[in-house]
Amino acid sequence: MERFFKSAEKRKIAYFSMEIGLFSDMPTYSGGLGVLAGDTIKAAADLSVPIVGVTLIYEQGYFTQKINDQGEQIEIPNNWRKEDFLEPQDAQVIVLIEGREVRVRCWKRTYKGVKEYEVPILFLDTNVPGNSEYDKTLTSHLYGGDIKYRFCQEMVLGIGGMRMLKALGFNEIKKFHMNEGHASLLTIELLKENDYHNLDEIRKKCVFTTHTPVPAGHDRFDVDLVRQLMPDFPFNIQELQDAEKKINMTLIGLYFSNYINGVAKKHMEISQEMFPNYPIHSITNGVHSATWVCDEFEELFDKHIPEWRHDSFSLRYAAGIPAEEIMKTHSKAKKALLDEINKKYGVDFDADTLTIGFARRATAYKRLDLLFRDIEKLKAIAAKGKLQIIYGGKAHARDFAGKDLIKKVISLKNSLGPNIKFIYLENYDMTLARKLVAGVDVWLNTPMRPREASGTSGMKAAHNGVPNFSILDGWWIEGCIEGVTGWAIGALTVIGDETKQDDEDARSLYDKLERVIIPTYYNDKEAYAEIMKSEIVINASFFNTHRMVSQYVLKAYFH
Ligand SMILES: *Cc1c(COP(=O)(O)O)cnc(C)c1O
2 MERFFKSAEK RKIAYFSMEI GLFSDMPTYS GGLGVLAGDT IKAAADLSVP IVGVTLIYEQ
62 GYFTQKINDQ GEQIEIPNNW RKEDFLEPQD AQVIVLIEGR EVRVRCWKRT YKGVKEYEVP
122 ILFLDTNVPG NSEYDKTLTS HLYGGDIKYR FCQEMVLGIG GMRMLKALGF NEIKKFHMNE
182 GHASLLTIEL LKENDYHNLD EIRKKCVFTT HTPVPAGHDR FDVDLVRQLM PDFPFNIQEL
242 QDAEKKINMT LIGLYFSNYI NGVAKKHMEI SQEMFPNYPI HSITNGVHSA TWVCDEFEEL
302 FDKHIPEWRH DSFSLRYAAG IPAEEIMKTH SKAKKALLDE INKKYGVDFD ADTLTIGFAR
362 RATAYKRLDL LFRDIEKLKA IAAKGKLQII YGGKAHARDF AGKDLIKKVI SLKNSLGPNI
422 KFIYLENYDM TLARKLVAGV DVWLNTPMRP REASGTSGMK AAHNGVPNFS ILDGWWIEGC
482 IEGVTGWAIG ALTVIGDETK QDDEDARSLY DKLERVIIPT YYNDKEAYAE IMKSEIVINA
542 SFFNTHRMVS QYVLKAYFH
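The opening residue of the sequence shown carries number 2 in my numbering; numbering runs sequentially from there.
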């Protein structure tokens, strides 16, 4: 305990995130945002950046997904044992919610970087004796409950988190980094600490990262609801309310922060258009290399680039690895994935067939069904070169359009003819993601642009030498060198009409699959291996969280 307090005083940066995904079987994450937060913490630990993470515990976890014979998603609660992962702390703080004193305690996890530098992560918990039954559930569900539940959670995260840091002796925090608007209420606590003055002082302390390129994606709350739950909210500050007079968490983050960034160059531009009154910078996301490189490539990198685990930039030197070895290593990873799938699902995917992977949160803008827009066309293409297609991904519990998409693509399975094998894998989580991005031959992504703020699974694929085949959106605008690191689907420009856009993107997808990817894969293995290598050399060496956290240090944290 004493050591912890000593190190607490040295912490300069507090990183607040609604979800932090550190380990696959600790279900405190749902997808991209949480995995990114975990990868951020891991890189900060590798780089000895004096950071502390703050998030909620989610006793019920994010759900385990089953899919029934009708293609329907079944959500199974995930009652994980927090004691196995976390140490309870004695400190308790109080947050006044709707006039009730809600007690908040916390659990600590320490993450050790590659050089043993330790980063603490605090998991806030309201399941404390003395709280009402409702308040006890406030930290149970990730993205569950109604709008009121959500605002209460954000109060626990933002205000409870600030008070917990103080209670644990984190008195030297210079920067509060809000990873998305969920954490924005921490600024209101800072405002209170400053007697509602000294805006400049507050702004110097705040860093805000936005992740959402569509207005509907930003958390907003009715003034009446906020008045009921948090009567001391500064309703007089007009800038915190949007055109429809709703309290907007993104606007709060923007108003109180000196440094604001989007998560890719394109996303920065889109955000700048949405919020013209604030200067918005960009730091493109990354992934934590040592987390996302599969077992087989770990071995290869250890042999050729021994420093890669503590220096992701050194993946550039994969240039010196013979393409043949990369191909061989990939074959092993592919075999491992297919063996597992064949065994678990009783199917017969084979190692010589071009295998396309697609897995992400099932939601409308990700267009899970774009690959199947013209099934006859897809069948004709597969007649020239067989295809295997592996899908995965959960839909948020109340995303009914997302669930329909899962059902739809699964229902197409029997109409694909003899040359296409298709499977939808259950329960896409970090463990499955790590195997999947490494074991397929092409990583496909088809978001409706410009809605993919960044995307990170393609970066994981790049770390395993798997070429991306993707819409030019988010990070792929920066990572795509046509025919060198992978392939683009469609053009940079947006058509405006969604149906036309779908048609045009599907046309481009089929065209490249037929004329470029299939012939290269089946007839020119050497050329294919060079593309795999370039993904590592050019993209993995840049799209990693060592580079990303270094940029936060350079541009945001120590200024
Ligand atoms: C990396 C990851 C994501 C995010 O991938 P995107 O490409 O941004 O959709 C989502 N879920 C899991 C389990 C992941 O590992």
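Heads up, the beta-carbon is just placed ideally off N, CA and C, and yes, glycines get one too.
In this text the structure is predicted, and so the values were computed from the model without any measurement.
Got a sec? Which residues, its chain only, sit under 6 Å from residue i by beta carbon, not counting five neighbours each side?
i: residue 1; result: Since the first and last residues shown for the chain are 2 and 560, residue 1 lies out of range.
i: residue 485; result: 535
i: residue 432; result: 25
i: residue 310; result: 115 and 291
i: residue 358; result: 391, 437, 441 and 444
i: residue 119; result: 111 and 113
i: residue 439; result: 295, 334 and 465
i: residue 5; result: Model confidence at residue 5 stands at a pLDDT of 49, short of 50, so the residue's coordinates are unreliable and nothing is read from them.
i: residue 220; result: 182 and 250
i: residue 287; result: 544, 545, 546, 548 and 549
i: residue 9; result: 169, 170 and 171
i: residue 90; result: 107 and 109
i: residue 46; result: 112, 114, 118 and 120
i: residue 62; result: 28, 79 and 81
i: residue 420; result: 383, 384 and 387
i: residue 365; result: 402
i: residue 141; result: 60 and 61
Just reading off the beta strand (DSSP E) that residue i is part of, what are its end residues?
i: residue 153; result: Careful: residue 153 lies outside any beta strand (DSSP E), inside the alpha helix (DSSP H) at 148 to 156.
i: residue 15; result: 14 to 18
i: residue 381; result: Counting along the chain, residue 381 falls outside any beta strand (DSSP E), though it belongs to the alpha helix (DSSP H) covering 376 to 385.
i: residue 249; result: 247 to 249
i: residue 403; result: Element bounds for residue 403: not the beta strand (DSSP E) but the alpha helix (DSSP H), 401 to 412.
i: residue 388; result: 388 to 393
i: residue 103; result: 101 to 113
i: residue 77; result: 74 to 77
i: residue 94; result: 88 to 98
i: residue 124; result: 119 to 126
i: residue 556; result: Taken as a continuous stretch (DSSP letters only), residue 556 belongs to no beta strand (DSSP E), as it is neither H nor E.
i: residue 472; result: 469 to 472
i: residue 592; result: Any answer about residue 592 is impossible in this case: the structure gives the chain only from 2 up to 560.
Would you kindly report the start and end of the unbroken alpha helix (DSSP H) that includes residue i?
i: residue 579; result: The question about residue 579 has no answer here: the residues shown for the chain are numbered 2 through 560.
i: residue 551; result: 546 to 553
i: residue 477; result: 477 to 480
i: residue 532; result: 526 to 535
Drop a sphere of 10 angstroms on the beta-carbon of residue i, count the other beta-carbons inside from all chains shown, and report buried for 16 or more, exposed for fewer.
i: residue 2; result: Unreliable positioning characterises residue 2 in this predicted model, as indicated by a pLDDT of 41, which lies under 50. The coordinate reading is nonetheless provided below. Per the 10 Å Cβ criterion, exposed.
i: residue 447; result: buried
i: residue 367; result: buried
i: residue 248; result: buried
i: residue 457; result: buried
i: residue 202; result: exposed
i: residue 60; result: buried
i: residue 499; result: exposed
i: residue 404; result: buried
i: residue 435; result: buried
i: residue 74; result: buried
i: residue 541; result: buried
i: residue 71; result: exposed
i: residue 492; result: exposed
i: residue 225; result: exposed
i: residue 18; result: buried
i: residue 555; result: exposed
i: residue 300; result: exposed
Might you give, ordered along the chain, the residues of its own chain that have their beta carbon closer than 7 Å to the beta carbon of residue i, omitting 5 neighbours on each side?
i: residue 507; result: 371, 374 and 375
i: residue 77; result: 64, 65 and 67
i: residue 308; result: 315
i: residue 410; result: 369, 370, 373, 392 and 425
Taking 8 Å as the limit between beta carbons, can you name the residues of its chain near residue i, skipping five residues before and five after?
i: residue 351; result: 339 and 389
i: residue 354; result: 387, 388, 389 and 422
i: residue 526; result: 328
i: residue 160; result: 96, 186, 187, 189 and 190
i: residue 253; result: 182, 185, 186, 188, 189 and 241
What residue ranges within the region 415 to 461 form continuous alpha helix (DSSP H) runs of no fewer than 4 residues, ordered along the chain? The region 415 to 461 contains, as complete alpha helix (DSSP H) runs of 4+ residues, the segments 431 to 440 (chain order).
Enumerated in chain order, which unbroken segments of the alpha helix (DSSP H) with a length of 4 residues or greater are wholly contained in the region 272 to 304? For the region 272 to 304, whole alpha helix (DSSP H) runs of length 4 or above, ordered along the chain, are 290 to 293.
Entirely enclosed beta strand (DSSP E) segments - the region 485 to 515, minimum 3 residues: Whole beta strand (DSSP E) segments, 3+ residues: 487 to 490.
Every unbroken beta strand (DSSP E) within the region 304 to 384, with a cutoff of 3 residues, ordered by chain: For the region 304 to 384, whole beta strand (DSSP E) runs of length 3 or above, ordered along the chain, are 355 to 360.
Can you give, in chain order, each stretch of the beta strand (DSSP E) that sits fully within the region 155 to 210 and has at least 3 residues? For the region 155 to 210, whole beta strand (DSSP E) runs of length 3 or above, ordered along the chain, are 176 to 180 and 207 to 210.
Entirely enclosed alpha helix (DSSP H) segments - the region 29 to 59, minimum 4 residues: If we require 4 residues or more, the alpha helix (DSSP H) runs fully inside the region 29 to 59 come out as 33 to 47.
Please give the ranges of any alpha helix (DSSP H) in the region 217 to 274, keeping only runs that are unbroken, at least 4 residues long and fully inside the region. DSSP runs (the alpha helix (DSSP H)) wholly in the region 217 to 274: 224 to 230 and 250 to 256.
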